[in-house]
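Engineer: Heads up, our numbering is the position in the sequence shown plus 25, with the first residue counted as 1.
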Amino acid sequence: MSLGIVWVIVIAILALIGGVALGFFIARKYMMNYLKKNPPINEQMLRTLMMQMGQKPSQKKINQMMRAMNNQQTK
26 MSLGIVWVIV
36 IAILALIGGV
46 ALGFFIARKY
56 MMNYLKKNPP
66 INEQMLRTLM
76 MQMGQKPSQK
86 KINQMMRAMN
96 NQQTK
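So, in structure tokens, the structure goes:
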């Protein structure tokens, strides 16, 4: 095995590791920005939405709607 082939293999492995690390950090940054712009709906947001629609939000209704939304997301 010549020294040139060893260098090609080492450089390929380093490039692969660097690409995976760079891809991870780019994806992480993208997801953090996405979640900052589009936060997931929580109970407080649902309560506010129901009050804006003129409904009196009971805890039972909020739990039912949260369960329905969670079931919809898992499908």
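Here a beta-carbon is modelled for each residue, glycine too, at the ideal position from N, C-alpha and C. Small disclaimer: the values here were computed from a predicted structure and weren't measured.
Between Ala-46, Arg-92 and Met-56, which lies nearest to Asn-67 when the distance is taken from Cα to Cα?
Structural biologist: Arg-92
Engineer: If we ignore side chains and look at the alpha-carbon of each, how far apart do Phe-49 and Ser-83 end up?
Structural biologist: 42 Å
Engineer: CA-CA distance, Ile-87 and Ala-46?
Structural biologist: Rounded to whole angstroms, the gap between the alpha carbons of Ile-87 and Ala-46 is 41 Å.
Engineer: Are Met-56 and Leu-71 closer than 8 Å when you measure CB to CB?
Structural biologist: no
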